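These notes concern the structure reproduced below.
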Amino acid sequence: MKARLWPIILIAAGFILSFAIPYFGLLDLYVQMILIYICINIILALSLNLINGYMGEFSVGHAGFMSAGAYISAIITVKCLSSASAAWLFPFAVIAGGVGAALLGLIVAIPSFRTRGDYLAIVTLAFNMIIKSVLENIDAVGGARGFLGMDKLTTLPVAFFWTLITIWVIRNFIYSNYGRGVLSIREDEIASDLMSVNTKQVKLLAFVISSFFAGVAGGLFAHLLQFINPRMFDIIKSTDILIMVYLGGIGSIAGSILGATVYTLLLEILRPLEIWRMVIMPLILIFLMLFRPRGIMGLKELTWFVPVLDRINSNRGVKGIRKWFS
Amino acid sequence: MTYFLQQGLNALQLGSIYALIALGYTMVYGILSMINFAHGDFFMVGAFICFVVVTFMGLPFVPAMILSIIGVSLLGVIVERAAYKPLRQAPRVSAIITALGVGIFLENFTLALSPYPKHIPAIIENTSWTFGGLTISSLQVIIILLSLALMTVLHFIVQHTRVGMAMRAISWDKNVVPLMGVPVNNVISITFAIGSGLGGAAGMMYGMAYPIIDPYMGIIVGWKAFIAAVVGGIGNIRGAVIGGYILGATEIMVAAFFPSTYRDFTAFSLLLILLIVRPYGIMGKPRPQKV
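Order-wise, the sequence lines are chains A and B.
Following this note's numbering, the numbering of the first sequence begins with 13 at its first residue and continues without gaps.
Following this note's numbering, the numbering of the second sequence begins with 35 at its first residue and continues without gaps.
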């Protein structure tokens with residue numbers, strides 16, 4: 013009972029804080045901005061973790077989905093809605109962005125039926141470059157100059173709410189029947205096929221959910237910065253998300269949360285170093301990888317994120333995962 | 035027609051550079067099954083070494099070239115020993131993330147040292163000849179011929195020397211070869227030296243052909259060369275060369291006959307279609323999956 017109560021208390025406290033901080037101005041705007049960034053990065057890291065961590069594929073074009081979500085939601089709030097209604101309908105704009113990204117995820121999932129590993133990495137990489145190139149060529153959304161005019165609709169409560177939704181959906185998905193299918197694909201695709209896992213359906217679902225949340229993160233990102241251009245969503249951004257996932261530890265929700273938080277915070281803490289910041293940062297990353305090659309969490313999961321019935325058998329899956337890693 | 039031939043020449047030039055970089059990816063992959071994502075930045079370092087030795091030391095073409103190759107080879111070996119070797123037994127993804135980290139480090143270290151884009155002065159006299167409307171510059175001839183020469187040398191090393199034999203053996207079977215007394219670590223270092231050296235040479239040639247260089251130039255060129263390596267069939271040396279020329283030709287031809295902003299879009303779409311038709315690359319062989 014106690015174990016069940018604590019997360020609820022924490023969520024409630026988080027919600028109260030997320031409302032109180034901007035309302036009473038407890039923290040200055042810069043810190044608030046970092047908190048929102050952390051939330052967005054957690055969403056991104058979690059959604060990529062579903063494909064790269066749980067399903068064991070290597071997708072390197074996640075920023076492509078993000079850009080789709082960002083552009084679609086921005087177009088809806090700027091061109092289709094008035095400024096007053098945009099504030100109320102913002103969640104729907106974000107969802108629309110997520111759905112748009114999910115449709116793209118559907119397209120990317122189809123090549124994954126045939127290829128794996130490095131070849132799928134190329135497909136996602138090319139997808140990222142193609143979508144950036146397409147956006148640069150559409151003049152209606154500003155082309156390479158970018159798109160602006162969004163109101164600052166992403167506030168701390170909104171970002172916190174979407175982070176919770178993401179954690180909740182992805183955690184429930186992982187521990188559902190489909191989620192076990194996702195894990196079985198990582199361990200051995202042929203064997204899971206033989207055990208009558210519908211691998212195509214499972215892959216499709218994983219890609220759609222993952223790209224949906226990447227799109228949501230993009231929508232939030234667009235309405236935080238109030239300006240987007242295609243170059244923000246290039247391969248460098250995708251690399252950032254990859255680093256967050258592997259820094260925290262793959263196949264672990266707590267790992268993704270931790271990875272996104274640590275990475276975002278480190279970047280901000282090192283800001284006084286100015287130009288040397290991005291010199292020190294990768295060095296820290298390299299040393300961390302040398303001493304903890306499996307990321308900070310290293311495959312472990314925080315008990316809170318494991319459903320009660322699975323806790324008893326929590327050691328069951330670990331052996332199989334170890335096999336995959338060696 | 036002349037226009038087409040002219041663009042074909044440009045395609046050969048760009049394709050040679052892509053092929054040289056793709057060779058570095060493919061060699062490392064063949065021997066370690068690891069994607070060295072820092073390779074694009076080795077390429078950038080090659081261009082910057084060329085810039086430094088030409089501007090500050092006033093060296094002519096050949097010594098600058100040799101220094102670029104040696105410098106980048108050394109960098110490759112140091113990075114392999116310091117960052118990749120300790121992770122050889124670790125999960126594959128950790129090595130990939132470390133490689134990404136090394137890449138970011140190299141980019142920003144160079145950026146911290148030289149915050150503005152640099153211009154490489156012309157070090158070879160650029161004469162051009164005209165044959166019936168077709169203009170050939172000496173720079174193009176040098177880049178294309180030199181790349182072909184380097185590829186031939188690589189072919190000779192891999193196919194006809196003891197080291198090359200060891201490389202092929204390691205890519206064939208990583209577990210048995212050390213038992214046969216092959217010094218695996220040395221062979222891997224040599225592979226890194228050769229692969230990075232080719233990248234450095236490519237960086238220098240790129241810097242001469244497109245003289246504005248900046249620390250981030252390696253990212254996009256590197257990823258594109260990686261795509262070329264995969265299209266050719268990663269781990270396959272001939273495949274990397276073919277992939278490089280295909281990519282170069284697609285990019286140049288698209289830019290020549292369509293608006294140049296469609297270049298990336300069309301090039302990558304074509305590559306995707308190619309991969310759907312041949313999922314293991316042009317020269318790659320599908321590995322049988324075992325249960």
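Note that the Cβ used here is the ideal one computed from N, Cα and C, for glycine as well.
This one's a predicted model, so the numbers in the text were calculated from it and none came from an experiment.
Does DSSP put I28 (chain A) in a helix, in a strand, or in coil?
-> It is helical.
For S128 (chain B), is the classification buried or exposed, using 16 other Cβ atoms within 10 angstroms of its Cβ as the cut-off for buried?
-> Around the beta-carbon of S128 (chain B), 16 or more other beta-carbon atoms lie within 10 Å, marking it buried.
Any non-hydrogen atom of the ligand GTP within 8 Å of I298 (chain A) CB | As presented, the structure is devoid of all ligands, the ligand GTP included, so that no description of it is given.
Alpha helix (DSSP H) containing I197 (chain A): first to last residue?
-> Here the alpha helix (DSSP H) through I197 (chain A) covers 189 to 199.
Chain A contact residues for W257 (chain B), given Cβ-Cβ distances below 7 Å = Within chain A, the residues L137, I247 have their CB atoms less than 7 Å from the CB of W257 (chain B), given in chain order.
Please name the residues in the stretch 149 to 183 of chain A whose beta-carbon is closer than 9 Å to at least one beta-carbon of chain B, in chain order.
-> Result list: N149, G155, A156.
Whose CA, out of B:E285, B:V264, B:S172, lies closest to the CA of D130 (chain A)?
-> D130 (chain A) has its Cα closest to that of B:V264, out of B:E285, B:V264, B:S172.
By how many angstroms is the C-alpha of I131 (chain B) removed from the C-alpha of F337 (chain A)?
-> Unreliable positioning characterises F337 (chain A) in this predicted model, as indicated by a pLDDT of 47, which lies under 50. The coordinate reading is nonetheless provided below. Cα to Cα, F337 (chain A) sits roughly 15 Å from I131 (chain B).
For A174 (chain B), which option in B:T36, B:T186, B:M242 has the closest C-alpha, if you only look at C-alpha atoms?
-> Position check: residue 174 (chain B) holds Gln in this sequence, whereas Ala was assumed. Of B:T36, B:T186, B:M242, the residue nearest in Cα terms is B:M242.
Please report the residue range of the alpha helix (DSSP H) in which W257 (chain B) lies.
-> From DSSP, the alpha helix (DSSP H) with W257 (chain B) extends over 251 to 266.
Exposure label - I28 (chain A); buried when at least 16 CB within 10 Å | It is exposed - the Cβ of I28 (chain A) has fewer than 16 other Cβ atoms within 10 Å.
Local Cβ density within 10 Å of S85 (chain A), reported as buried at 16 or more and exposed below that | Buried, since its Cβ has 16 or more Cβ neighbours within 10 Å.
Cβ of S338 (chain A) within 9 Å of any chain B Cβ | Low confidence applies here, because S338 (chain A) scores a pLDDT of 41, under 50, leaving its location unreliable and the question unanswered by this model.
Taking S102 (chain B) as part of the alpha helix (DSSP H), name the residues at either end of that continuous run.
-> If you look at S102 (chain B), you'll find it in the alpha helix (DSSP H) that goes 95 to 113.
Determine the direct distance from the alpha carbon of L93 (chain B) to that of G73 (chain A), and round the result to whole angstroms.
-> Cα-Cα distance, rounded: 42 Å.
Taking contact to mean at least 3 C-beta pairs separated by less than 8 Å, is the stretch 237 to 251 of chain B in contact with the stretch 94 to 106 of chain B?
-> A contact between stretches requires three or more CB pairs, one per stretch, nearer than 8 Å, and the stretch 237 to 251 of chain B meets this requirement with the stretch 94 to 106 of chain B.
I182 (chain A) versus N209 (chain B) - alpha carbon distance | Going by the C-alpha atoms only, they are around 39 Å apart.
If S107 (chain B) sits next to G266 (chain B), beta carbons under 8 Å apart, how far is it from one beta carbon to the other, in whole angstroms?
-> No, S107 (chain B) and G266 (chain B) are not in contact; Cβ-Cβ is about 23 Å, not under 8 Å.
Is the beta carbon of A138 (chain A) less than 9 Å from the beta carbon of E148 (chain A)?
-> Their beta carbons are not under 9 Å apart, which means A138 (chain A) does not touch E148 (chain A) by this criterion.
What three-state label does DSSP hand S59 (chain A) in the structure shown?
-> The DSSP-derived three-state label of S59 (chain A) is helix.
Please name the residue, chosen from A:A218, A:A203, A:I202, A:V170, that lies closest to Y187 (chain A) on a Cα-to-Cα basis.
-> Selected option, being the one with the closest Cα: A:A218.
Could you have a look at T167 (chain A) and say whether DSSP puts it in helix, strand or coil?
-> Coil at T167 (chain A), not helix or strand.
is_contact[G307 (chain A), chain B] using C-beta, thresh 9 Å = Interface criterion met: the Cβ of G307 (chain A) is under 9 Å from a Cβ in chain B.
Going by Cα to Cα distance, which pick from B:L309, B:P120, B:W206 is closest to L300 (chain A)?
-> Nearest neighbour of L300 (chain A) by Cα position, chosen from B:L309, B:P120, B:W206, turns out to be B:P120.
DSSP-derived helix/strand/coil call for S264 (chain A) | Coil.
Indicate whether at least one CB of chain A lies closer than 9 Å to the CB of R272 (chain B).
-> Not closer than 9 Å to any Cβ of chain A, the Cβ of R272 (chain B) fails to qualify, so no.
Which residues mark the beginning and the end of the alpha helix (DSSP H) in which L282 (chain A) is found?
-> For L282 (chain A), there is no enclosing alpha helix (DSSP H), as DSSP marks it with neither H nor E.
Is M201 (chain B) helix, strand or coil when you go by DSSP?
-> Of the three classes helix, strand and coil, the one that applies to M201 (chain B) here is helix, per DSSP.
Going along the chain, which unbroken runs of the alpha helix (DSSP H) with 4 or more residues stay wholly within the stretch 157 to 198 of chain B?
-> As for any alpha helix (DSSP H) of minimum length 4 sitting wholly inside the stretch 157 to 198 of chain B, the runs are 172 to 194, ordered along the chain.
First through last residue of the alpha helix (DSSP H) which encompasses C84 (chain B) = Here the alpha helix (DSSP H) through C84 (chain B) covers 73 to 91.
What's the C-alpha gap between R53 (chain A) and N270 (chain B)?
-> Per the sequence shown, the amino acid found at residue 53 (chain A) is Asn instead of Arg. Cα to Cα, the separation comes out at about 37 Å.
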